[in-house]
Amino acid sequence: MLSSSPLQVPGGSPNSSKRSLSHDSIRSSAAVSSLSIGSSPAGSARGRISADDGIEAPLPWFLRQSKTGRLTFKRAGFAEITEKFETLGWQERKRIAEGALQTNSPSRWSRVTGGLVAQRNRYMNVDPFAANRVQLKVPEGHDDYINASPIIVRSAKTGAVKKYIATQGPKDNTHHHMWRMIWHECASPAVIVMLTQPYEGGREKCYQYYPDSMESPPIIVNEHDEFGDEVVFEITLLSVHEDDRSRSTVRELEIKDRASGETKKVWHFLWPVWPDFGVPEGPYKHLLANLIPLSEEKNTDESSPRIVHCSAGVGRSGTFIALDHLLTELNAGALDDVPDGKDPVEETVEALRAQRMMMVQQDSQFALIYKTLREKWVDRWRERQGLPPIRRAVTDSGRGSSEEAAGAAAAVDTKRGGDTAEVDERDTKVARFTSSDLEERDARLARLVFELEAELRQNAAG
Numbered sequence: 119m120l121s122s123s124p125l126q127v128p129g130g131s132p133n134s135s136k137r138s139l140s141h142d143s144i145r146s147s148a149a150v151s152s153l154s155i156g157s158s159p160a161g162s163a164r165g166r167i168s169a170d171d172g173i174e175a176p177l178p179w180f181l182r183q184s185k186t187g188r189l190t191f192k193r194a195g196f197a198e199i200t201e202k203f204e205t206l207g208w209q210e211r212k213r214i215a216e217g218a219l220q221t222n223s224p225s226r227w228s229r230v231t232g233g234l235v236a237q238r239n240r241y242m243n244v245d246p247f248a249a250n251r252v253q254l255k256v257p258e259g260h261d262d263y264i265n266a267s268p269i270i271v272r273s274a275k276t277g278a279v280k281k282y283i284a285t286q287g288p289k290d291n292t293h294h295h296m297w298r299m300i301w302h303e304c305a306s307p308a309v310i311v312m313l314t315q316p317y318e319g320g321r322e323k324c325y326q327y328y329p330d331s332m333e334s335p336p337i338i339v340n341e342h343d344e345f346g347d348e349v350v351f352e353i354t355l356l357s358v359h360e361d362d363r364s365r366s367t368v369r370e371l372e373i374k375d376r377a378s379g380e381t382k383k384v385w386h387f388l389w390p391v392w393p394d395f396g397v398p399e400g401p402y403k404h405l406l407a408n409l410i411p412l413s414e415e416k417n418t419d420e421s422s423p424r425i426v427h428c429s430a431g432v433g434r435s436g437t438f439i440a441l442d443h444l445l446t447e448l449n450a451g452a453l454d455d456v457p458d459g460k461d462p463v464e465e466t467v468e469a470l471r472a473q474r475m476m477m478v479q480q481d482s483q484f485a486l487i488y489k490t491l492r493e494k495w496v497d498r499w500r501e502r503q504g505l506p507p508i509r510r511a512v513t514d515s516g517r518g519s520s521e522e523a524a525g526a527a528a529a530v531d532t533k534r535g536g537d538t539a540e541v542d543e544r545d546t547k548v549a550r551f552t553s554s555d556l557e558e559r560d561a562r563l564a565r566l567v568f569e570l571e572a573e574l575r576q577n578a579a580g
């Protein structure tokens, strides 16, 4: 079952005292009128993007921001994407510091500790908030921990709710927990979106918890009866095919409770071309965008959460969920008249991180959301103007791309070691507060968190 009520998307944009005054004043002075997707204003090319045919499409303010600080679409003076990502990181570190404080009343940001948490976690510095986690349905006296967080997002236009469970890639000793969670938390058919390969760069990123091919025998789950309740599942592969629209491997699975004979169907989508610490480039962004509605289409019960995981269940998983939500908003017209200064991308990522730490972990993943939305915005605008779509061809095979992605991941793994850092256990303070891929600026912010913690303790003592 889910622990308490999952946190929902806040209405306003996150603010931070660490954002500079000059940053805010520059952004304010640079504000211009938002451009509705259905309009076609004449005049200056400001705030527009040109396709290969030279036809310019208008863009809203939040999609005209740059990642590097260089002029973008002939505009400057607005909040940079990179700076926003740093602000989100600072806000997260404050939450983690608050959650680590020992007080009489538990913080909503407290993390799960003790018991079998360390054994069940894939990475030592990624776990759910204690107030927002999935609890395994197990007999009393047994540990109900699984590294999984319920996620809810709500449409600003329609009020419709989407539900997910973001979780880590299962380990050998936890894959039966994954199936137990799916059995109790999801309707039939359940949907799993897997955004990592089982192995990348020669390292396990996710235990292969499903039958691989039609020749594979059924997998017997929990045959050793860990919880003493005689719940044993049998996982059978019914069909498998490659989806050309998304370059994903689609498996139709059946999970069967051996005791009752009850069954559920499970759709499993493996998208193997997203390298750890990287982002899908070029046309592969659009393959990812095609995977999103495909997975939603199979999830026929809107009250049933989609299971989304990569290796740690935060970087690629968070990016997928953010894109799913924002592309739905785009298609519903919810982003047509976003006022200048308001950034739905920043708001969405902040809302996700309030439900699970480190969601959208890398600045490149954060930038990918803007890039994908920008291109989809242009596509939608052109369609409304009666213009032909922009062709974005993929020339090589999905499998070849998967191998290339694995090679890229291997190169990164040599330096960084996965979705999150395998941090030095001798420095437990840094291990607790820093995420895997922190650069020098993030390390400085982590030190500030320690100072903040000390100040809070001193104030509490006084």
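Using my numbering, the first residue of the sequence shown is number 119, and each one after it goes up by one.
Even glycine gets a Cβ: it sits at the ideal position worked out from N, Cα and C.
- In this structure, residue 354 sits near residue 372, with a CB-CB distance shorter than 8 Å.
- Out of 381, 346 and 327, the CA that lies nearest to the CA of residue 339 is found in 327.
- In this model, residue 305 and residue 385 are separated by some 12 Å (Cα to Cα).
- Closest in C-alpha terms to residue 254, from the list 363, 426, 274 and 292, comes 292.
- Residues of the same chain with a CB within less than 6 Å of the CB of residue 310, apart from the 5 flanking positions on each side, are 386 and 425 in chain order.
- Membership of residue 282 in the beta strand (DSSP E) is indicated by the continuous run 279-285.
- Here residue 319 is buried: its Cβ has 16 or more other Cβ atoms, across all protein chains shown, within 10 Å.
- By the CB criterion at 8 Å, residue 436 and residue 478 fall inside the cutoff.
- Counting along the chain, the unbroken beta strand (DSSP E) around residue 361 starts and ends at 351-361.
- With contacts defined by Cβ atoms closer than 8 Å, residue 202 and residue 452 do not form a contacting pair.
- Counting only the Cα atoms, residue 210 lies some 26 Å from residue 457.
- Going by beta carbons, residue 364 and residue 392 fall outside the 8 Å limit.
- Counting only residues of its own chain and dropping the five nearest sequence neighbours on each side, residue 490 has a CB closer than 7 Å to the CB of 403, 407 and 441.
- Going by beta carbons, residue 473 and residue 269 fall inside the 8 Å limit.
- Straight-line spacing of the CA atoms in residue 337 and residue 447 works out to 39 Å.
- Separation of residue 200 and residue 259 (C-alpha to C-alpha, rounded to the nearest whole angstrom) is 46 Å.
- Residue 455 counts as exposed, since fewer than 16 other C-beta atoms from the protein chains shown sit within 10 angstroms of its C-beta.
- DSSP places residue 313 in the coil class of the three-state scheme, outside both helix and strand.
- Judged by their CB atoms, residue 230 and residue 251 are nearer to each other than the 8 Å cut-off.
- Contact between residue 349 and residue 298 holds, with the beta-carbon distance rounding to 7 Å and staying under 8 Å.
- Put simply, of 483, 331, 438 and 358 the residue whose alpha carbon is nearest the alpha carbon of residue 271 is 438.
- Per DSSP, residue 344 lies in no beta strand (DSSP E) and is assigned neither H nor E.
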